[in-house]
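Engineer: Got a structure for you, written out below as structure tokens; questions coming shortly.
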Amino acid sequence: MSTNSKTLTFDTSTSRANPTPSPMKRLTVPRIRQQKGKEPLVMLTAYTVRMAQLMDPHCDMLLVGDSLGQVIYGLPHTVAVTMEMMAAHGAAVVRGSYHAAVIVDMPFGSYEASAEQAFVNASRLLKETGAAAVKLEGGKVLAPTVEFLTSRGIPVMAHVGLTPQAVNILGGYGVRGKSPEEAKSIVEDAIAMSDAGAFAMVIEGVLEHIAIEITQKVACPTIGIGASAQCDGQVLVAEDMLGLFDRVPKFVKKFGNMGVSVEDAVRQYAAGVRDRSFPGPEQLYQPA
Ligand code: KIV
């Protein structure tokens, strides 16, 4: 680098993307664990800095879910999501939040081969993002991996029931646990994950009685999605609950109408450009 070059500095206090926060204490994994059986935990997915900023004051946890494959990248499912995607979006969400604990999904193929593979990739995600914990999908088979990670300083959120990364085995996203055998197996998965040291677990897309049984039997908080209001918390994909998409799964309640708002604003902008009412005098620079 030339010795004549000036040092480039950024004034972050005036940055739209990352204004200086008022001091706040971020929720920790032990605090979340202690919420078992108490006030329900609030979790939403977040993938970008601005959405993280907007949701952070209202959420206990922000999940950088691998659902970003579908929501952000337009992929058909989560199987193609990469470590690079999770690391980049995880870091953005940590930069945009000051209060919620940030959990990053481990993408398909980054943890199943061995506990050692899981440690290498989970530690990379925590280092590159600053997140508090990782989440991985699976049951009994992965319990030794969860024990390996948690005993080496990596908090793990489990994910049982409908596990979208297994879409090629499952053949779709239908509700799980319809047969008594499958229901029993899901409960066993949940107990194995909790016993292995998971600090919390997502229960997705199961018959309600299964979610209730798991919530009663496991030591860690359960976070439901298409599960039961009796879980210790709830999660939804933010873009689903904000109403960005027309088609959403049965378990989603639309709390907003973002798709219509975006379309409406874009329609007005397009009309303003076409009839030359935009830009108007307020948006233009003139000599002083
Ligand atoms: O990837 C994701 O968004 C998730 C939630 C739906 C729980 O795993």
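Taken in order, the sequence shown gives residues 1475 to 1762; the numbers are from the numbering used here.
C-beta atoms are modelled at their ideal positions from N, C-alpha and C, and glycine is treated no differently.
Here the structure is a predicted model, which means the values were calculated and not measured.
#1: Can you say whether glutamate 1713 is buried or exposed, counting buried as having 16 or more other CB atoms within 10 angstroms of its CB?
#2: In three-state DSSP terms, what is aspartate 1540?
#3: Mapping DSSP to helix, strand and coil, what is methionine 1475?
#4: Can you tell me which of the three DSSP states threonine 1689 falls into?
#5: Ordered along the chain, which non-local residues of its own chain (more than five positions away) have a Cβ less than 7 Å from that of leucine 1758?
#6: Figure out for me which residue from Ala1605, Met1715, Arg1507 has the closest Cα to the Cα of alanine 1565.
#7: In the DSSP assignment, find the unbroken alpha helix (DSSP H) run with leucine 1599 in it and report its ends.
#8: Which term fits valine 1747, buried or exposed, when burial requires 16 or more other beta carbons within 10 angstroms of its beta carbon?
#9: Quick check on the burial criterion: 16 or more other C-beta atoms within 10 angstroms. Buried or exposed for lysine 1609?
#10: Taking 7 Å as the cut-off, is the CB of leucine 1537 close to at least one heavy atom of ligand 3?
#11: Report yes or no: do the stretch 1501 to 1520 and the stretch 1665 to 1683 share at least 3 C-beta pairs separated by less than 8 Å?
#12: For glycine 1612 and tyrosine 1585, what's the separation of their Cα atoms in angstroms?
#13: In terms of DSSP beta bridges, what is aspartate 1579 paired with?
#14: So histidine 1618 and alanine 1589 are supposed to be a Cβ contact under 8 Å. How far apart are they, rounded?
#15: Report yes if the C-beta of threonine 1624 is less than 7 Å from at least one heavy atom of ligand 1; otherwise report no.
Structural biologist: Reading it off the structure:
#1: Counted from its first residue, the sequence shown places residue 1713 at position 239. Buried is the call here.
#2: In the sequence shown, the residue the question calls residue 1540 occupies position 66. Three-state DSSP puts aspartate 1540 in coil, outside helix and strand.
#3: Here residue 1475 refers to the residue found at position 1 when the sequence shown is read from its first residue. Note that methionine 1475 scores a pLDDT of 44, beneath 50, so its modelled location is shaky and nothing firm can be said.
#4: Residue numbering aside, residue 1689 sits at position 215 when the sequence shown is read from its first letter. Of the three classes helix, strand and coil, the one that applies to threonine 1689 here is helix, per DSSP.
#5: Here residue 1758 is taken as the residue at index 284 of the sequence shown, counted from 1. Closer than 7 Å at Cβ, skipping near neighbours: no residue.
#6: Working through the sequence shown from its first residue, we reach residue 1565 at position 91. Closest option to alanine 1565, Cα to Cα, is Ala1605.
#7: Walking along the sequence shown from the start, residue 1599 turns up at place 125. Unbroken alpha helix (DSSP H) run through leucine 1599: 1589 to 1603.
#8: Within the sequence shown, the letter at position 273 stands for residue 1747. Label assigned to valine 1747: exposed.
#9: Mapped onto the sequence shown, residue 1609 falls at position 135. Lysine 1609 is buried by the Cβ-count criterion.
#10: Absence of ligand 3 from the depicted structure is noted, with ligand 1 being the only ligands included.
#11: yes
#12: Here residue 1612 is taken as the residue at index 138 of the sequence shown, counted from 1. Here residue 1585 is taken as the residue at index 111 of the sequence shown, counted from 1. Straight-line Cα distance between these residues: approximately 10 Å.
#13: Translated into the one-based positions of the sequence shown, residue 1579 becomes position 105. According to DSSP, aspartate 1579 bridges with Lys1609.
#14: Numbered from its first residue, the sequence shown carries residue 1618 at position 144. Numbered from its first residue, the sequence shown carries residue 1589 at position 115. In the sequence on display, residue 1618 carries proline and not histidine. The pair is a contact, with the Cβ atoms about 6 Å apart (cut-off 8 Å).
#15: Start at 1 with the first residue of the sequence shown, and residue 1624 comes out as number 150. Checking the Cβ of threonine 1624 against ligand 1 gives no.
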